[in-house]
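For the record, the sequence lines run as chains Y and C.
Counted from 1, the first sequence has number 223 at position 223 by UniProt numbering; the numbering is strictly sequential.
Counted from 1, the second sequence has number 12 at position 12 by UniProt numbering; the numbering is strictly sequential.
Every residue, glycine too, gets a C-beta built ideally from N, C-alpha and C.
One structure is given here, and the rest of the page talks about it.
There are 2 protein chains.
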Amino acid sequence: MKAEIIAIGSELVSGQSLDTNSQWLSRELSTLGIPVHFHTTLGDDLDENVAAFRIAIARADLILVSGGLGPTQDDLTREALALVAGVPLVEKAEALEAITAMFARRSRPMAERNRVQALFPVGAEMVPNRVGTAPGIWMKVANAVVTCLPGVPSELRTMYEEQVRPRLNQFATSGRVILHHKINLFGKGESDVEAAALDLTARGRIPEVGITAHDATISFRISAEGATEEEARLAMEPTLTLIRERFIELIVGEGTGDVAEALLAQLVRTGSTLATAESCTGGLVAQMITAQPGVSDYFPGGVVSYANQAKQELLGVPASLLTTYGAVSAEVAEAMAIGVRERFHATLGLSVTGVAGPTGGTPEKPVGLVFLGLATPDGRVQTRRLEIGPEQPREIIQRRSAKHVLNWARLALLALPSK
Amino acid sequence: MKAEIIAIGSELVSGQSLDTNSQWLSRELSTLGIPVHFHTTLGDDLDENVAAFRIAIARADLILVSGGLGPTQDDLTREALALVAGVPLVEKAEALEAITAMFARRSRPMAERNRVQALFPVGAEMVPNRVGTAPGIWMKVANAVVTCLPGVPSELRTMYEEQVRPRLNQFATSGRVILHHKINLFGKGESDVEAAALDLTARGRIPEVGITAHDATISFRISAEGATEEEARLAMEPTLTLIRERFIELIVGEGTGDVAEALLAQLVRTGSTLATAESCTGGLVAQMITAQPGVSDYFPGGVVSYANQAKQELLGVPASLLTTYGAVSAEVAEAMAIGVRERFHATLGLSVTGVAGPTGGTPEKPVGLVFLGLATPDGRVQTRRLEIGPEQPREIIQRRSAKHVLNWARLALLALPSK
């Protein structure tokens, strides 16, 4: 059993865009114990698509294709597949219905061009797409199964999970199952984490543990295998337990979970609410919180007070503090946290004020200088000073500040009893 | 002239690591006018490596290989290349010297197994590596040139820049320069844009124009070639002008520019300011605006009013509107836009209220129903109703709503004179 993944798009081979679908699909197939042997990426050229499909069909049993299913003239996957299979393209009634219904649900007229998305090679099955207009394709060609999905990652992932994975169970029974798991830490640097984990990351260790860093979140990636999913899970468990115990204070999530998700869990556990006052992060802290579903009972809201006048009028920051210490100061961070906590009637008030750059820095207050504030129900307010570094881009300064203040709130809640 | 990039490593096809070398090399080759037609990724398997090299040599003139040059048993690039070329591997004295010298500089003993890194197929040249132990390979096989570099990105990039790029000038001078440019549109669907651009996207048109969609932003990708960069630029210009004129109202940016950047340009041009009142987007609109450097004079701030109490107290939304129409209604969007405009003393007030899901939808107000508000200095306020679709994930509903309201503000400002 061998699988190949083909990603189609001129923007991918030219280097304008990075293909992330192939990696994602490979991980998914490995959880089913289906080993991926090849990734092929190629542009929107019919002859090359036909040739690449032929190569794949000769060397793999299962071929997952992403891209080339849109309504435009450079979407050639349908045509290439029909040529390789040696069958004509015909309009599939159920596909046309699905596309028409999708436009109707969005109250938009369907363009005539979208009709080509209902064309299928004779003998192919439709893979329904409930989040976009392009239906996918499932087809047996020679001895291989070929399945084609749209290149838009959100559509590809939904369709894979809901439609393709269930169909792949026929292949999943043979071979070994490999499971991957991620545990995410925040609050220490990569080398500090690694120094405390040399026994885990040693080469040849089973299960294998790797470390990666992204946006100041450090992740352990654990890979374990077994004859069954259950066996792989059992092989992984002692390592997960070891990491969870050793790094308990730093762990902010597992899988895709990061600081905001961990904070929401603590808000829910303690029945607390949170309000945010943001200057240099400009709404990012609130956005990270509200990206989590189910947050509305725990987050009444926040203020983005970019202008000093807004800090005074909406948060009650005294004008004298702004004049004496400047907007980027511990004193103003304090007043912002207190003000936002009161105005939103929240358990905790968080604040961020700093210099996100690239301009606006001074020798005393350089780009990357950020003050955080945390106001608590006991009437206290604490502040922290971050120096993220004037060489860092605006986005990094904003993201690190936001994650830091969210993590601070999480740690403050950890000390509270469950409601 | 066609190039292919081959990335070797079992961690890549299994999905544990993301291959970024191929994208990086593609961009580099395109600046030399060498078009990349294929990326192939495969694991550490000798037979598969040999077969993939044979396929590449048959369909490409230049093949760049990354990975498989280390000292361990799963590093098979040297051996595969020798098999494909039909020549033996022999130890190259200058390579052994270079490897020994590298270990000496790091004051570390050289392990016996590093000696295999000095093996080269007969007829191959060494590509020196001054930042690591693995020398690269440059070799003509049949009619193709094959060059192999280590997979570590920092080593690959240094060696490419210092050693490989200069050698590629032989291809670049005989070849052509290819330039890529992106023009980004917002406000219409991909098929509507395509329908208005069939002449541009026709197969075989020069310069080539493709369409891609990402987060409801539709991009034209224009690729033009010429003997020199100047010639390529001239070849591209008429197509850029044509697109800019035909889609003037929809264009939000070029290159990486999107809606928020285009809005900031209009705020600067007209000397206007903007304040935001957000419910379901939870700070995303403010975050998109403040991700732009230099925004502080044009964005006093905003309120994230998740709770109804916050809508009343911080934005002055009458309780009666919330009771009668509900928080997700045109009436509340109106009141939020008016309230935020007044409180932040801004030229424009923007508001978003909706159901981002995945829960909280009702038959009358399903997930994906969003109301936008825009309050203007003439005392008027307008609202819009979006139906993004209950099947869409929370993130997409939030992102589309945010981009839509930013674009609405941009269009409103387009009508105003420059300050």
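Checklist line | Residue interval of the alpha helix (DSSP H) (run including residue 339 of chain C) | finding: Along the second sequence, one-based indexing puts residue 339 of chain C at 339. That run of the alpha helix (DSSP H) goes 330 to 343.
Checklist line | 8 Å CB neighbourhood of residue 84 of chain Y in its chain, flanking five on each side removed | finding: As a working note, residue 84 of chain Y is residue 84 in the first sequence. 50, 53, 54, 57 and 141, listed in sequence order.
Item checked: C-beta contact flag for residue 185 of chain Y and residue 218 of chain Y at 8 Å -> To locate residue 185 of chain Y, count along the first sequence from 1; it is residue 185. To locate residue 218 of chain Y, count along the first sequence from 1; it is residue 218. With contacts defined by Cβ atoms closer than 8 Å, residue 185 of chain Y and residue 218 of chain Y form a contacting pair.
Note to self: On the criterion of 16 or more Cβ atoms from any shown chain inside 10 Å, does residue 249 of chain C qualify as buried, or is it exposed?
What the structure shows: In the second sequence, counting from the first residue as 1, residue 249 of chain C sits at position 249. Exposed is the call here.
Next item on the list: Would you mind stating whether residue 152 of chain Y and residue 63 of chain Y have Cβ atoms separated by less than 8 Å?
Entry: Here residue 152 of chain Y is taken as the residue at index 152 of the first sequence, counted from 1. Here residue 63 of chain Y is taken as the residue at index 63 of the first sequence, counted from 1. Not in contact: residue 152 of chain Y and residue 63 of chain Y (Cβ atoms no closer than 8 Å).
Checklist line | Partners in chain Y for residue 192 of chain C, counting only beta-carbon separations shorter than 8 Å | finding: Sequence index remark: in the second sequence, residue 192 of chain C carries index 192 (1-based). The CB of residue 192 of chain C comes closer than 8 Å to the CB of 111 in chain Y, given here in chain order.
Item checked: Residues that residue 168 of chain C contacts on chain Y, provided the C-beta gap is smaller than 8 Å -> Against the second sequence, residue 168 of chain C aligns to sequence position 168. Simply none; closest approach about 15 Å.
Checklist line | Segment contact, 8 Å Cβ cut-off, at least three pairs: the region 91 to 104 of chain C with the region 114 to 131 of chain C | finding: With the cut-off at 8 Å, the region 91 to 104 of chain C and the region 114 to 131 of chain C touch.
Check: Going by Cα to Cα distance, which pick from Y:202, Y:300 and Y:306 is closest to residue 305 of chain C?
Finding: Taking the first residue of the second sequence as 1, we reach residue 305 of chain C at position 305. Comparing Cα positions, the closest option is Y:300.
Item checked: Own chain residues within Cβ distance below 7 Å of residue 339 of chain C, not counting five before or after -> In the second sequence, residue 339 of chain C corresponds to position 339, counting from 1. Counting only Cβ-Cβ distances below 7 Å, and skipping sequence neighbours, we find 277, 315, 316 and 317.
Next item on the list: Mark residue 456 of chain C as exposed unless 16 or more other C-beta atoms lie within 10 angstroms of its C-beta, in which case mark it buried.
Entry: There is simply no residue 456 of chain C to check, as chain C begins at 1 and stops at 419 in what is shown.
Item checked: Boundaries (first-last residue) of the alpha helix (DSSP H) holding residue 433 of chain Y -> Shown here, chain Y extends from 1 to 419; a query on residue 433 of chain Y therefore has no answer.
Next item on the list: On a CA-only basis, which of C:285, C:70 and C:333 is nearest residue 404 of chain C? Give me that one, please.
Entry: Here the question's residue 404 of chain C lines up with position 404 in the second sequence. The candidate whose alpha carbon is nearest that of residue 404 of chain C is C:285.
Check: Which residues bound the alpha helix (DSSP H) around residue 450 of chain C?
Finding: One cannot answer for residue 450 of chain C here, as it falls past the ends of chain C, which runs 1 to 419.
Next item on the list: Please report the residue range of the alpha helix (DSSP H) in which residue 53 of chain Y lies.
Entry: Counting from one through the first sequence, the residue named residue 53 of chain Y turns up at place 53. Here the alpha helix (DSSP H) through residue 53 of chain Y covers 46 to 59.
Notebook entry, point to check: Quick one: what's got a C-beta closer than 6 Å to residue 213 of chain C's C-beta in the same chain, skipping five residues either side?
Noted result: Taking the second sequence and counting its residues from 1, the one referred to as residue 213 of chain C is at position 213. Excluding residues within five positions, the ones whose Cβ falls inside 6 Å are 190.
Note to self: So if I threshold CB-CB distances at 7 Å, which residues from the region 127 to 139 of chain Y count as touching chain C?
What the structure shows: Those residues of the region 127 to 139 of chain Y placed with their C-beta closer than 7 Å to a C-beta in chain C are 130 and 131, ordered along the chain.
Check: Using 8 Å as the limit for Cβ to Cβ distance, is residue 165 of chain C near chain Y?
Finding: The residue given as residue 165 of chain C occupies position 165 in the second sequence. Chain Y contact via Cβ: absent.
Notebook entry, point to check: Apart from the five residues just before and just after residue 41 of chain Y, which ones in its own chain have a Cβ nearer than 7 Å to its Cβ?
Noted result: Here residue 41 of chain Y is taken as the residue at index 41 of the first sequence, counted from 1. Excluding positions up to five away in sequence, the list reads 7, 12, 13 and 19.
Next item on the list: Mind checking which residues open and close the beta strand (DSSP E) that includes residue 7 of chain Y?
Entry: On the first sequence, position 7 is the one that residue 7 of chain Y refers to. First-last of the beta strand (DSSP E) with residue 7 of chain Y: 3 to 8.
Item checked: Terminal residues of the beta strand (DSSP E) in which residue 385 of chain C lies -> Position 385 of the second sequence, counted from the first residue, corresponds to residue 385 of chain C. DSSP places residue 385 of chain C in the uninterrupted beta strand (DSSP E) bounded by 381 to 387.
Check: Any idea what DSSP makes of residue 82 of chain C, helix, strand or coil?
Finding: As a position in the second sequence, residue 82 of chain C is number 82, starting the count at 1. Of the three classes helix, strand and coil, the one that applies to residue 82 of chain C here is helix, per DSSP.
Checklist line | Beta-bridge pairing of residue 225 of chain Y - partner residues as DSSP gives them | finding: Against the first sequence, residue 225 of chain Y aligns to sequence position 225. DSSP output for residue 225 of chain Y lists Y:178 as bridge partner(s).
Note to self: For residue 140 of chain C, list the residues DSSP reports as bridge partners.
What the structure shows: By 1-based counting over the second sequence, the position of residue 140 of chain C is 140. Bridge partners of residue 140 of chain C: C:145.
Notebook entry, point to check: Going by DSSP, which residues form a beta bridge with residue 436 of chain C?
Noted result: Lying outside 1 to 419, the shown extent of chain C, residue 436 of chain C is not represented and no answer is given.
Next item on the list: Starting from the Cα of residue 311 of chain Y, find the closest Cα among Y:293, Y:47 and Y:279 and give me that residue.
Entry: In the first sequence, counting from the first residue as 1, residue 311 of chain Y sits at position 311. Ranked by how close their Cα comes to the Cα of residue 311 of chain Y, the residues Y:293, Y:47 and Y:279 have Y:279 in first place.
Margin query: So if I threshold CB-CB distances at 8 Å, which residues from the region 60 to 71 of chain C count as touching chain Y?
Written below: None of the residues of the region 60 to 71 of chain C has a beta carbon lying less than 8 Å from any beta carbon of chain Y.
Margin query: Can you tell me whether residue 129 of chain C is helix, strand or coil according to DSSP?
Written below: For the purposes of this step, residue 129 of chain C is identified with residue 129 of the second sequence, where counting begins at 1. Three-state result, residue 129 of chain C: coil.
Notebook entry, point to check: Between residue 239 of chain Y and residue 211 of chain C, is the Cβ-Cβ spacing less than 8 Å?
Noted result: The residue labelled residue 239 of chain Y in the question sits at position 239 within the first sequence. The residue labelled residue 211 of chain C in the question sits at position 211 within the second sequence. Not closer than 8 Å, so no.
Check: Given 8 Å as the limit, is there contact between the region 326 to 339 of chain Y and the region 364 to 375 of chain Y, that is, 3 or more CB pairs closer than that?
Finding: yes
Item checked: Residue range of the unbroken beta strand (DSSP E) whose run includes residue 112 of chain Y -> In the first sequence, residue 112 of chain Y corresponds to position 112, counting from 1. It is not in any beta strand (DSSP E) - residue 112 of chain Y carries neither H nor E in the DSSP assignment.
Next item on the list: Using a Cβ cut-off of 8 Å (strictly closer), state whether residue 306 of chain C contacts chain Y.
Entry: Taking the first residue of the second sequence as position 1, residue 306 of chain C is located at position 306. It does: the Cβ of residue 306 of chain C has a partner Cβ on chain Y nearer than 8 Å.
Next item on the list: Alpha carbon to alpha carbon, how far is residue 290 of chain C from residue 260 of chain Y? Give it in angstroms, no decimals.
Entry: One-based indexing of the first sequence puts residue 260 of chain Y at position 260. One-based indexing of the second sequence puts residue 290 of chain C at position 290. Cα-Cα distance, rounded: 20 Å.
Check: Can you give the beta carbon distance from residue 321 of chain C to residue 412 of chain C, rounded, assuming they're within the 8 Å contact cut?
Finding: For this step, residue 321 of chain C is matched to residue 321 along the second sequence. For this step, residue 412 of chain C is matched to residue 412 along the second sequence. Not really, about 23 Å apart at Cβ, beyond 8 Å.
Checklist line | Closer than 8 Å at the beta carbon, the chain Y residues around residue 238 of chain C | finding: Taking the first residue of the second sequence as position 1, residue 238 of chain C is located at position 238. Simply none; closest approach about 20 Å.
Next item on the list: Starting from the C-beta of residue 337 of chain C, find all residues in its chain whose C-beta is less than 7 Å away, skip the five residues before and the five after it, and write them out in chain order.
Entry: As a first step, residue 337 of chain C must be located in the second sequence, where it is residue number 337. Contacts found: 277, 349, 350, 351, 373, 374, 375 and 381.
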